[in-house]
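End of the sequence shown sits at 207 in the working numbering; the numbers just go up one at a time, nothing left out.
This report refers to the structure that appears directly beneath it.
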Amino acid sequence: MKHIILSLIVVTITLMSCAPSTPQENTENAVVEAIMARRSIRQYHAVPVGRDTLMQIMTCGINAANGQNKQSWEVRVVDNPTTLTQIQDLMAAGNTALNPDIVKGCMRGAPVMVFIARDINYDFSAYDCGLLAGNMMLAAQSMGVGSICLGSPVRFINDATNSAEIADILGYSENYELCLCVGLGYAAESPDAKPRDINKVKFLD
Ligand SMILES: Cc1cc2nc3c(=O)[nH]c(=O)nc-3n(C[C@H](O)[C@H](O)[C@H](O)COP(=O)(O)O)c2cc1C
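Here is the structure:
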């Protein structure tokens, strides 16, 4: 009798593990929840994000899919307010034709700024950097950290007359250039989702 019960348990477990997995309801899926809840945050509490939390977010970032696993990015995490202010001041000084408040404000007050550079010799490196940034923002969301993807600091830094001075601070390797920024911090706002156009997606029969 014992054998029969044991065999039944083994068969049941085996069948369960072979059964096709049924899709989870969106509401029960942590990844879907994080994707749907993430919004760009432009107001942050003046509270630092711990280095352990940041390291987990970065680890999720570098585990993104990337072309040929070349990892064609270099990432600089700036959580020191003095360094951040120094970079903002240099950006304003290097873009004299622009309003300095707008230039300095492009980081949206995020207490942590992640500068992501791409390998200019790899044609897919911008995609790699985008996927890295996406992973980081979703990981941050799942950990209660707000985020924003930022393109304007890239323009303000790469086009600045003193861009070499800023590059010195960021310290990328030769053949790398700034591609994307991600701001991180604890959200002081909870914006609604902006509308998305599902008609841009077509199924082909
Ligand atoms: C490549 C890229 C560049 C962006 N640059 C900026 C930026 O410079 N400033 C800004 O406030 N938001 C920036 N955003 C955020 C977008 O405005 C935002 O993702 C979009 O409006 C959708 O809103 P959501 O992120 O809340 O869903 C950028 C987003 C991406 C993906």
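Every residue gets a Cβ at the ideal spot worked out from N, C-alpha and C, and that includes glycine.
For residue j and residue i, the rounded distance between their alpha carbons
| i | j | result |
| --- | --- | --- |
| P113 | G187 | 6 angstroms |
| S23 | W75 | Residue placement at S23 is poorly supported in this model, since its pLDDT is 46, which falls under 50; the coordinates are not used for a value here. |
| I200 | V49 | 37 angstroms |
| L133 | A66 | 6 angstroms |
| A189 | G148 | 5 angstroms |
| A36 | I59 | 14 angstroms |
| S9 | R53 | Confidence at S9 is low in this model, with a pLDDT of 48, below 50, so the placement of that residue is unreliable and no value is reported for it. |
| G63 | T55 | 12 angstroms |
| L86 | Q73 | 25 angstroms |
| S154 | G111 | 14 angstroms |
Outcome for residue i when other beta-carbon atoms lying within 10 angstroms are tallied against a minimum of 16
| i | result |
| --- | --- |
| A21 | Here the model assigns A21 a pLDDT of 43, short of 50, so the residue's position is not dependable and the matter cannot be decided. |
| G185 | buried |
| V34 | exposed |
| M2 | The requested residue 2 is not part of the displayed model; the chain covers only 3 to 207. |
| Q70 | exposed |
| V51 | buried |
When the options are compared against residue i, the one with the closest alpha-carbon
| i | options | result |
| --- | --- | --- |
| A135 | S165, L56, L182 | L182 |
| V79 | M57, G153, I159, S42 | M57 |
| Y178 | I64, Y124, D207, V34 | Y124 |
| V2 | A166, T84, L140, L172 | Residue 2 lies beyond the range of the chain shown here (3 to 207); nothing can be said about it. |
| F158 | Q70, F126, M109 | M109 |
Distance cut-off 7 angstroms: residue i Cβ against heavy atoms of ligand 1
| i | result |
| --- | --- |
| S1 | With the chain running from 3 to 207 in the structure shown, residue 1 is simply not present. |
| I150 | yes |
Can we say the stretch 119-129 touches the stretch 93-103, given the rule of at least three CB pairs closer than 8 angstroms? no
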